[in-house]
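Heads up, the sequence shown is in our numbering, so the first residue is 15 and it goes up one at a time.
We put the CB at the ideal spot given by N, CA and C, even for glycine.
Since the structure is predicted, the reported quantities are computational estimates derived from the model, not experimental observations.
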Amino acid sequence: MLPQEIIRKKRDRQSLTSDEINEFIRGVTDGSIVDAQTAALTMAIFLNGMTKEETAALTLAMRDSGHVLSWPELDGPVVDKHSSGGVGDKISLMLAPLIAACGGFVPMISGRGLGHTGGTLDKFDSIPGYRTTPSDDIFRRTVKEVGCAIIGQTGSLAPADKKIYAIRDVCGTVESIDLITASILSKKLAAGLNCLIMDLKCGNGAFMDSLERAVELASSIVRVANAAGTKTKAVITDMNQVLGRSVGNALEVAEAVAYLKGENTDTRLHEITMELCSELLLISGLEASPAKARAKLQNALDRGLALEKFAAMVTALGGPADFCDQPWRYLPQAAVVRPVFAETPGYVSAMDTRGIGLSIIEMKGGRVTPDQKLDYATGYSQFCQIGDYVDAQTPLAVIHAQTEEQFTQAAAELRRLIRVSDKQPLLSRCIIQKIA
Ligand code: URA
Numbered sequence: 015m016l017p018q019e020i021i022r023k024k025r026d027r028q029s030l031t032s033d034e035i036n037e038f039i040r041g042v043t044d045g046s047i048v049d050a051q052t053a054a055l056t057m058a059i060f061l062n063g064m065t066k067e068e069t070a071a072l073t074l075a076m077r078d079s080g081h082v083l084s085w086p087e088l089d090g091p092v093v094d095k096h097s098s099g100g101v102g103d104k105i106s107l108m109l110a111p112l113i114a115a116c117g118g119f120v121p122m123i124s125g126r127g128l129g130h131t132g133g134t135l136d137k138f139d140s141i142p143g144y145r146t147t148p149s150d151d152i153f154r155r156t157v158k159e160v161g162c163a164i165i166g167q168t169g170s171l172a173p174a175d176k177k178i179y180a181i182r183d184v185c186g187t188v189e190s191i192d193l194i195t196a197s198i199l200s201k202k203l204a205a206g207l208n209c210l211i212m213d214l215k216c217g218n219g220a221f222m223d224s225l226e227r228a229v230e231l232a233s234s235i236v237r238v239a240n241a242a243g244t245k246t247k248a249v250i251t252d253m254n255q256v257l258g259r260s261v262g263n264a265l266e267v268a269e270a271v272a273y274l275k276g277e278n279t280d281t282r283l284h285e286i287t288m289e290l291c292s293e294l295l296l297i298s299g300l301e302a303s304p305a306k307a308r309a310k311l312q313n314a315l316d317r318g319l320a321l322e323k324f325a326a327m328v329t330a331l332g333g334p335a336d337f338c339d340q341p342w343r344y345l346p347q348a349a350v351v352r353p354v355f356a357e358t359p360g361y362v363s364a365m366d367t368r369g370i371g372l373s374i375i376e377m378k379g380g381r382v383t384p385d386q387k388l389d390y391a392t393g394y395s396q397f398c399q400i401g402d403y404v405d406a407q408t409p410l411a412v413i414h415a416q417t418e419e420q421f422t423q424a425a426a427e428l429r430r431l432i433r434v435s436d437k438q439p440l441l442s443r444c445i446i447q448k449i450a
């Protein structure tokens with residue numbers, strides 16, 4: 015069928031067959047379908063939606079647009095996590111080595127920052143020498159020998175998604191549940207996973223700000239991934255405040271290393287990390303009960319096994335051999351490091367998390383244009399959490415800026431974005447709902 019006929023069919027609210035979807039995606043991949051046609055089809059899908067069968071067919075067609083990995087050489091489950099994106103979300107840095115220390119294999123293909131959210135790949139790029147685009151051989155060897163490797167998307171993995179995503183980004187069709195499902199899963203399924211845990215962030219720092227939309231996306235992803243043979247569960251977690259105590263690339267790497275050393279255990283960060291890891295151990299069959307899974311993970315933390323895995327991964331991918339012993343010898347540091355205090359003392363009762371993510375972009379820790387070079391050193395540490403009491407001794411955060419001007423601007427932003435009140439707020443749960 016001609017591409018314009020496929021577009022017309024979806025425009026007129028009819029269902030597409032798998033053959034039509036396959037044909038369209040083949041054309042996107044080989045360039046015979048032009049960007050305007052792709053844009054038109056994504057808008058028709060955005061407006062009219064897809065059936066479950068169409069979404070599944072689109073996901074598989076996009077997965078099969080490139081190389082699909084398989085891991086016959088591994089003697090354990092191949093698993094991964096995907097987060098829908100948030101502010102201060104460094105869970106991948108802890109989850110991958112924790113799972114590797116518990117017998118799983120994690121070939122994690124991560125992305126760069128998107129909009130106001132940080133990206134795992136940008137965090138690893140702050141480690142000198144660490145290669146986020148290693149050769150296939152080094153990637154496979156690291157997964158086999160260490161148990162985890164966190165790298166960037168290669169051109170051969172789900173190339174149709176790369177093209178379609180770039181077009182959606184500039185034609186207003188990003189926020190479609192069907193298109194997001196196919197986009198995320200085409201890449202994850204191409205990595206040859208047995209199991210996947212989805213961390214769907216919900217709140218004012220997430221792409222999905224309503225619980226209803228988060229549940230809808232979680233259900234769609236869980237349904238399509240399980241039907242494709244990858245055991246998948248989703249956990250909806252709170253993103254109405256920054257996750258953990260640091261925001262910014264190098265600062266988040268340092269927080270993750272401290273966590274793995276047992277030096278820093280922010281309660282919400284720990285709880286969400288444990289929950290996602292525990293679910294992965296259960297769905298992959300590595301553990302039989304939540305209590306056993308938690309005990310195994312705690313043991314991996316307490317005995318430094320997860321830290322060893324992280325250190326081995328950094329070294330195998332080209333980073334310093336003693337990175338975890340002295341991360342600040344290697345991580346870039348900002349010129350102006352000073353606390354910012356609230357104007358009046360009180361309890362932190364709310365924050366504009368998206369605004370905080372955007373303020374990192376202002377400090378060049380996130381991108382305005384796709385090929386922009388980042389400043390990995392900037393950001394915040396000792397970030398307050400909702401319910402904390404702040405006063406003239408306890409800051410809202412410590413700002414890491416490169417100039418006095420940047421510091422002044424970030425300080426004003428944080429005072430505006432963080433609400434302090436004299437009443438202690440009710441604390442919300444960080445694990446909101448699970449979808450199996
Ligand atoms: N992340 C993706 O990879 N794709 C989307 O469509 C949205 C978020």
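Check this for me: beta carbons of residue i and residue j, under 8 Å apart or not?
i: Ser442; j: Gly360; result: no
i: Lys247; j: Gly99; result: no
i: Leu257; j: Leu225; result: no
i: Arg381; j: Ile375; result: yes
i: Gln420; j: Met377; result: yes
i: Val82; j: Asn208; result: no
i: Leu72; j: Ala196; result: yes
i: Met253; j: His96; result: no
i: Val267; j: Leu345; result: yes
i: Arg77; j: Ser234; result: no
i: Ala406; j: Phe355; result: yes
i: Leu112; j: Arg126; result: no
i: Tyr144; j: Leu331; result: yes
i: Leu410; j: Cys398; result: yes
i: Cys162; j: Ala220; result: no
i: Val42; j: Lys177; result: yes
i: Glu357; j: Arg429; result: yes
i: Glu189; j: Val249; result: no
i: Ala172; j: Ala204; result: yes
i: Met365; j: Gln255; result: yes
i: Ala424; j: Ser373; result: yes
i: Val238; j: Ile449; result: no
i: Leu193; j: Thr56; result: yes
i: Ala58; j: Ile35; result: no
i: Val350; j: Ile432; result: no
i: Gly371; j: Thr131; result: yes
i: Ile39; j: Ser84; result: no
i: Val11; j: Lys323; result: Residue coverage of the chain in this structure runs from 15 to 450, which leaves residue 11 outside it and unanswerable.
i: Pro353; j: Gly401; result: no
How would you label residue i, buried or exposed, when you count the other beta carbons within 10 angstroms and need 16 or more for buried?
i: Met64; result: buried
i: Glu277; result: exposed
i: Met15; result: exposed
i: Gln347; result: exposed
i: Pro17; result: buried
i: Gly243; result: exposed
i: Gln51; result: buried
i: Asp280; result: buried
i: Lys437; result: exposed
i: Leu61; result: exposed
i: Ala54; result: buried
i: Asp94; result: buried
i: Val48; result: exposed
Any idea which residues DSSP pairs residue i with across the strands?
i: Arg352; result: Ile413
i: Gly118; result: DSSP output for Gly118 lists no bridge partner at all.
i: Met57; result: Partner(s): none; Met57 has no beta bridge.
i: Gly360; result: Val404
i: Lys158; result: Lys158 is not bridged to any residue.
i: Leu128; result: Thr131
i: Ile164; result: Met122
i: Ile432; result: Met365
i: Lys95; result: Ile211
i: Met222; result: Cys216
i: Thr246; result: Leu210
i: Gln51; result: Answer by DSSP bridge pairing: none, since Gln51 is not bridged.
i: Asp252; result: Cys216
Can you find a CB in chain D that lies within less than 8 Å of the CB of residue i?
i: Thr408; result: In the structure shown, chain D does not exist; there is a single protein chain.
Review point. At a cut of 8 Å, does the region 378-393 reach the region 249-269 through at least three beta carbon pairs?
Key: With the cut-off at 8 Å, the region 378-393 and the region 249-269 touch.
Review point. Is the region 290-304 in contact with the region 415-430, if contact means three or more CB pairs nearer than 8 Å?
Key: Segment contact: the region 290-304 against the region 415-430, fewer than three CB-CB distances shorter than 8 Å; contact not assigned.
Check your understanding: Counting Cβ pairs closer than 8 Å, one from the region 163-172 and one from the region 24-41, do we hit at least three?
Key -> The region 163-172 is not in contact with the region 24-41.
**Study point:** Around ligand 1, Cβ to any heavy atom closer than 5 Å, ordered along the chain
**Key:** Output, sorted by chain position: Ile194, Ser197, Ile198.
Practice item. State whether the region 98-118 contacts the region 286-296, with contact taken as three or more CB pairs (one from each stretch) at a distance under 8 Å. Key: Three or more Cβ pairs closer than 8 Å define a contact, and the region 98-118 meets that threshold against the region 286-296.
Exercise for review: Determine, using beta-carbon pairs with one atom in the region 136-148 and one in the region 312-321, whether at least three such pairs fall under 8 Å.
Suggested key: Fewer than three beta-carbon pairs drawn from the region 136-148 and the region 312-321 are found closer than 8 Å, and the two stretches are therefore not classed as touching.
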